[in-house]
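Engineer:
Protein chains: 2
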Amino acid sequence: MSIDSAIEELVKVVKLNISVQDMELENAAGMICAEDIYSPIDLPPFDRSAVDGYALYSEATSSASSNNPIPFKLVNYGSVLPSHNNAVPISTGQRIPEGADAVVMVEDVIREGDIIYVMKPIPKYGNVSRKGEDIRKGELLVAKGTIIKPQHLAALSAIGMTHVKVYRRLNIGLISTGSEVVSPLQGLKAYEQGFILDSTSILIFAVLSAYKFMNVNWYGFVKDDEHEIKAMTEKALNENDILIFTGGTGPGESDKTFKSIVEMNRDIRIIARGLAIRPGRPTSIIIVENKPIFLLSGFPVAAYIALYEVVLRALYTLLKIRNELFIEVPARIVKRVYGSAGYDNYLRAKLFKCNEDLCVEPIMLRGSGILKSLLEANALIVIPRNVEGFEKGEKIWIKIL
Amino acid sequence: MSIDSAIEELVKVVKLNISVQDMELENAAGMICAEDIYSPIDLPPFDRSAVDGYALYSEATSSASSNNPIPFKLVNYGSVLPSHNNAVPISTGQRIPEGADAVVMVEDVIREGDIIYVMKPIPKYGNVSRKGEDIRKGELLVAKGTIIKPQHLAALSAIGMTHVKVYRRLNIGLISTGSEVVSPLQGLKAYEQGFILDSTSILIFAVLSAYKFMNVNWYGFVKDDEHEIKAMTEKALNENDILIFTGGTGPGESDKTFKSIVEMNRDIRIIARGLAIRPGRPTSIIIVENKPIFLLSGFPVAAYIALYEVVLRALYTLLKIRNELFIEVPARIVKRVYGSAGYDNYLRAKLFKCNEDLCVEPIMLRGSGILKSLLEANALIVIPRNVEGFEKGEKIWIKIL
Chain A
1 MSIDSAIEEL
11 VKVVKLNISV
21 QDMELENAAG
31 MICAEDIYSP
41 IDLPPFDRSA
51 VDGYALYSEA
61 TSSASSNNPI
71 PFKLVNYGSV
81 LPSHNNAVPI
91 STGQRIPEGA
101 DAVVMVEDVI
111 REGDIIYVMK
121 PIPKYGNVSR
131 KGEDIRKGEL
141 LVAKGTIIKP
151 QHLAALSAIG
161 MTHVKVYRRL
171 NIGLISTGSE
181 VVSPLQGLKA
191 YEQGFILDST
201 SILIFAVLSA
211 YKFMNVNWYG
221 FVKDDEHEIK
231 AMTEKALNEN
241 DILIFTGGTG
251 PGESDKTFKS
261 IVEMNRDIRI
271 IARGLAIRPG
281 RPTSIIIVEN
291 KPIFLLSGFP
301 VAAYIALYEV
311 VLRALYTLLK
321 IRNELFIEVP
331 ARIVKRVYGS
341 AGYDNYLRAK
351 LFKCNEDLCV
361 EPIMLRGSGI
371 LKSLLEANAL
381 IVIPRNVEGF
391 EKGEKIWIKI
401 L
Chain B
1 MSIDSAIEEL
11 VKVVKLNISV
21 QDMELENAAG
31 MICAEDIYSP
41 IDLPPFDRSA
51 VDGYALYSEA
61 TSSASSNNPI
71 PFKLVNYGSV
81 LPSHNNAVPI
91 STGQRIPEGA
101 DAVVMVEDVI
111 REGDIIYVMK
121 PIPKYGNVSR
131 KGEDIRKGEL
141 LVAKGTIIKP
151 QHLAALSAIG
161 MTHVKVYRRL
171 NIGLISTGSE
181 VVSPLQGLKA
191 YEQGFILDST
201 SILIFAVLSA
211 YKFMNVNWYG
221 FVKDDEHEIK
231 AMTEKALNEN
241 DILIFTGGTG
251 PGESDKTFKS
261 IVEMNRDIRI
271 IARGLAIRPG
281 RPTSIIIVEN
291 KPIFLLSGFP
301 VAAYIALYEV
311 VLRALYTLLK
321 IRNELFIEVP
331 ARIVKRVYGS
341 AGYDNYLRAK
351 LFKCNEDLCV
361 EPIMLRGSGI
371 LKSLLEANAL
381 IVIPRNVEGF
391 EKGEKIWIKI
401 L
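Chains A and B are the protein sequences, given in the same order.
All residue numbers for the first sequence refer to the UniProt record's numbering, where the first residue is 1 and numbers rise by one.
All residue numbers for the second sequence refer to the UniProt record's numbering, where the first residue is 1 and numbers rise by one.
Below you can see the structure in the form of structure tokens.
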């Protein structure tokens with residue numbers, strides 16, 4: 001099954017009902033905005049000075065030159081310019097007094113006591129930020145479904161907002177399965193005893209924890225035991241909106257996760273058992289009473305790819321998030337690569353500057369457990385299942401990690 | 001003064017003494033690694049299966065074909081393969097028994113009871129991940145000065161680490177100055193009274209808060225009053241490693257921040273009063289007894305640019321951080337743009353796909369207070385001071401925001 005079909009199917013079946021809460025702006029970066037926000041005012045709300053200087057009437061400077069410096073008498077800042085022969089000291093951001101329509105910069109005049117001499121004409125609205133030139137009253141500032149960025153907070157502050165409606169944080173339960181997988185707390189001797197130190201669940205935990213709109217609850221390890229898996233699933237389902245299992249999803253007999261979950265006495269719907277991606281083929285999706293459960297490979301790289309391409313894409317779709325999950329850029333591939341029929345192939349790759357271009361070098365390592373490729377990679381190359389491969393020198397779109 | 005010279009000067013003068021602490025891996029993503037970490041073991045630590053299947057001796061399959069299926073008798077998993085006619089059920093990740101050197105996949109055999117039939121030859125080490133093929137004993141996994149990413153945590157877990165040495169979080173004090181600037185709590189009526197609702201300090205706060213190796217302490221507002229500024233500076237210096245002021249840095253008389261700080265009764269060193277960047281010209285840097293103080297513009301866009309190009313670049317240099325601050329990519333500019341002599345010009349811009357390429361469109365708005373340009377921008381174009389501008393259609397390197 002392709003990722004697209006799986007996500008399409010998932011979205012048809014699952015309706016996440018995430019409540020909305022009011023949050024102070026200073027905590028809202030990274031949360032998902034739950035309302036369309038329009039500006040109630042023009043910004044700037046009045047014509048204002050863009051510099052430190054002197055506000056005056058521009059026409060009165062029209063004949064100014066270094067041979068013909070024009071004097072203006074300074075008066076205190078007020079709401080009106082008394083006459084065309086006056087100028088008013090003004091700071092950056094201050095409102096332009098009525099009657100003035102330009103600001104001459106401090107650096108551009110000669111000042112003698114309370115007289116300034118202007119040496120060249122100032123255009124009308126010179127150094128003035130016009131009312132509404134930044135943001136117009138009624139303009140959409142933040143759309144529902146936007147992951148809030150710092151610049152949104154700046155705009156919302158400018159229109160006098162101190163709180164914003166956001167979706168409450170999604171609870172994601174994370175469980176590691178596989179009798180051979182143990183905590184790194186067991187130390188290196190675990191390897192000698194035939195066990196594997198877990199590295200996949202901390203990877204998934206750390207990637208997801210960087211998204212502020214999620215709350216990752218890490219449940220540790222369960223063995224390949226039907227009762228343990230079912231009990232843990234019940235518990236974690238009660239406490240979360242979505243579950244992620246790592247490991248225990250292969251076709252072998254010892255991997256009991258998939259089997260145990262679908263045999264639970266619940267409303268079960270299988271969306272995918274295995275997906276047409278490499279690495280990540282064992283990735284499976286089950287819905288248990290409106291809650292999605294993602295079963296990822298126990299291998300770090302396969303789980304990492306499926307996390308972005310399956311879990312996060314599914315979440316972005318379910319939550320109608322408008323931001324891009326990946327930045328995609330074109331790069332010249334420096335090595336020939338082959339796909340594998342029937343599978344979307346994901347290659348870890350290194351991006352680098354080459355002359356005028358961006359080049360990308362696939363990291364050619366076998367297997368889906370290759371940690372080093374993740375350490376070195378800063379990009380992903382996708383070879384879609386209907387494409388044989390890419391030629392050396394071809395320009396392809398890659399995803400920046 | 002150019003940014004480069006200012007940072008060079010700063011680094012000569014300031015030595016940040018940031019202590020090192022031991023941190024649990026699960027909290028360490030985003031922190032700066034304070035040690036070079038080498039792998040104490042090979043990974044995988046033994047030849048292991050890359051699939052779910054049956055471990056066997058590859059030579060024994062050499063004449064296998066669909067016309068000549070070769071039977072193997074299954075025996076229980078153990079540390080040794082009893083004979084060349086035996087195969088051992090094995091799970092992904094399990095150690096290959098001695099005497100076996102390949103794994104045939106579950107899907108590729110016909111099984112009848114405790115006999116499997118292999119239909120094609122398996123190459124030596126087929127479906128086997130070799131000892132050390134991922135990471136070699138002694139290999140550098142994470143270098144000192146690296147901002148730790150999730151994939152580093154996975155590698156460190158795999159070598160049995162549960163804690164890592166990181167630099168303690170840097171304390172950054174953030175202070176807003178300017179008598180005309182008030183908190184958004186004052187509401188829209190503040191504009192009618194001639195005040196400006198602050199939007200710059202929440203922007204800076206939110207950008208910096210996304211960096212986990214920093215701790216941003218937000219002190220609120222001080223007026224353009226020498227005593228207030230000095231008192232706040234004393235207090236904030238005691239509590240932080242670095243201070244950032246927004247606003248109050250113009251050349252006008254009402255902006256007292258720079259003047260007040262340099263007149264403090266302390267060991268003062270001025271690195272820059274104003275920088276050759278637009279927007280961001282008022283940006284200034286003062287060292288007070290080994291602690292850098294950055295004075296940024298009160299305008300959000302100017303402060304935002306200076307935050308990345310001056311403050312963060314300076315921090316990355318001071319802390320010897322190895323990660324890139326920006327991702328840079330080439331894009332075709334769709335409009336002619338001009339620089340301004342003597343200044344590095346920063347234009348906010350929109351990146352978009354155009355045919356096979358990435359195109360970039362500068363957002364042409366005057367002024368440094370233009371919030372909308374920040375909302376729409378996803379890239380920065382830099383026109384260096386020695387460059388007149390860029391032609392329409394020219395390919396330039398841009399920074400992704």
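Note that CB positions come from ideal geometry on N, CA and C, so glycine has one too.
Computed from a prediction, not measured in an experiment: that's the story for all the values here.
Taking beta-carbon pairs under 7 Å, can you tell me which members of the segment 342-360 of chain A lie near chain B?
Structural biologist: E356, D357, L358
Engineer: Kindly indicate which three-state DSSP category T177 of chain A falls into: helix, strand or coil?
Structural biologist: strand
Engineer: Should C33 of chain A go down as buried or exposed, given a rule of 16 or more other Cβ atoms within 10 Å for buried?
Structural biologist: buried
Engineer: Check this for me: beta carbons of I383 of chain B and G342 of chain B, under 8 Å apart or not?
Structural biologist: no
Engineer: Tell me which residues of the segment 79-97 of chain A have at least one Cβ-Cβ distance to chain B shorter than 9 Å, keeping chain order.
Structural biologist: S79, P89, I90, S91, T92, G93, Q94, R95
Engineer: Could you give the distance in angstroms between the alpha-carbon of N127 of chain B and the alpha-carbon of M1 of chain A?
Structural biologist: 23 Å
Engineer: Looking at R336 of chain B and S373 of chain B, is the spacing between their C-beta atoms short of 8 Å?
Structural biologist: no
Engineer: How many whole angstroms separate the CB atoms of D134 of chain B and I268 of chain A, which I take to be in contact at a CB cut-off of 8 Å?
Structural biologist: About 36 Å; that fails the 8 Å criterion.
Engineer: What's the gap between the Cα of A231 of chain A and the Cα of S157 of chain B?
Structural biologist: 27 Å
Engineer: Near A190 of chain A, which residues of its chain fall below 8 Å by C-beta distance, leaving aside the five closest residues on each side in sequence?
Structural biologist: V182, I196, L197
Engineer: Do you know offhand how far K149 of chain A's Cα is from L208 of chain B's?
Structural biologist: 12 Å
Engineer: Return yes when the Cβ of Y346 of chain B is within less than 8 Å of the Cβ of I400 of chain B, no when it is not.
Structural biologist: no
Engineer: Just the chain B side, please: which residues come within less than 8 Å of K120 of chain A by C-beta, in chain order?
Structural biologist: Those do not exist, as K120 of chain A stays about 17 Å from chain B at its closest Cβ, beyond 8 Å.
Engineer: How is R336 of chain A classed by DSSP in three states: helix, strand or coil?
Structural biologist: coil
Engineer: Quick one: is M364 of chain B buried, meaning 16 or more other Cβ sit within 10 Å of its Cβ, or exposed?
Structural biologist: exposed
Engineer: Residues of the segment 173-199 of chain A with a CB closer than 7 Å to any CB of chain B: list them in chain order, please.
Structural biologist: E180, P184, L185, G187, L188, Y191, G194, I196, L197, D198, S199
Engineer: So that I know if they touch, is there some Cβ in chain A lying closer than 8 Å to that of L113 of chain B?
Structural biologist: In the sequence on display, residue 113 of chain B carries Gly and not Leu. By this cut-off, G113 of chain B is not an interface position.
Engineer: Using only the alpha-carbon positions, how far apart do V11 of chain B and K120 of chain A sit?
Structural biologist: 42 Å
Engineer: According to DSSP, simplified to helix, strand and coil, what is A28 of chain A?
Structural biologist: coil
Engineer: Anything in chain B within Cβ reach of P300 of chain A, meaning under 7 Å, just list it in chain order.
Structural biologist: A154
Engineer: Nearest-angstrom Cα distance between L380 of chain B and A331 of chain B?
Structural biologist: 11 Å
Engineer: Using three-state DSSP, classify D357 of chain A as helix, strand or coil.
Structural biologist: Under the three-state reduction of DSSP output, D357 of chain A falls in the strand class.
Engineer: May I ask whether a heavy atom of the ligand ZN can be found less than 7 Å away from the beta carbon of Q193 of chain A?
Structural biologist: Judged by which ligands are present, the structure shown has none, so any question about the ligand ZN falls away.
Engineer: Kindly say whether E263 of chain B, judged by its beta-carbon, lies nearer than 8 Å to any beta-carbon of chain A.
Structural biologist: no
Engineer: Please check if any C-beta of chain A sits within less than 8 Å of the C-beta of P40 of chain B.
Structural biologist: yes
Engineer: In whole angstroms, give me the CA-to-CA distance for K392 of chain B and A303 of chain B.
Structural biologist: 28 Å
Engineer: Return helix, strand or coil for S129 of chain B, following the three-state DSSP convention.
Structural biologist: strand
Engineer: What residues of chain B sit near T162 of chain A, judged by a beta carbon separation below 7 Å?
Structural biologist: P184, L185
Engineer: Starting from F294 of chain B, follow its DSSP beta bridges and name the residues at the other end.
Structural biologist: B:I244, B:I285
Engineer: Mark L185 of chain B as exposed unless 16 or more other C-beta atoms lie within 10 angstroms of its C-beta, in which case mark it buried.
Structural biologist: With fewer than 16 Cβ atoms within 10 Å of its Cβ, L185 of chain B is classed as exposed.
Engineer: With distances taken between CB atoms, is the gap from R48 of chain A to G99 of chain A smaller than 8 Å?
Structural biologist: No, they are not a contact pair.
Engineer: Which two residues bound the contiguous alpha helix (DSSP H) that contains P150 of chain A?
Structural biologist: 150-158
Engineer: Count the other C-beta atoms from every protein chain shown that fall within 10 angstroms of the C-beta of L140 of chain B, then say buried if there are 16 or more, exposed otherwise.
Structural biologist: exposed
Engineer: Check whether the Cβ atoms of V75 of chain A and P82 of chain A sit closer than 8 Å, and answer yes or no.
Structural biologist: Result yes, Cβ atoms of V75 of chain A and P82 of chain A sit closer than 8 Å.
Engineer: With burial defined as no fewer than 16 other Cβ atoms inside 10 Å of the residue's Cβ, what is the status of A143 of chain B: buried or exposed?
Structural biologist: exposed
Engineer: Under 8 Å, do N171 of chain B and N215 of chain B count as touching if we go by C-beta distance?
Structural biologist: yes
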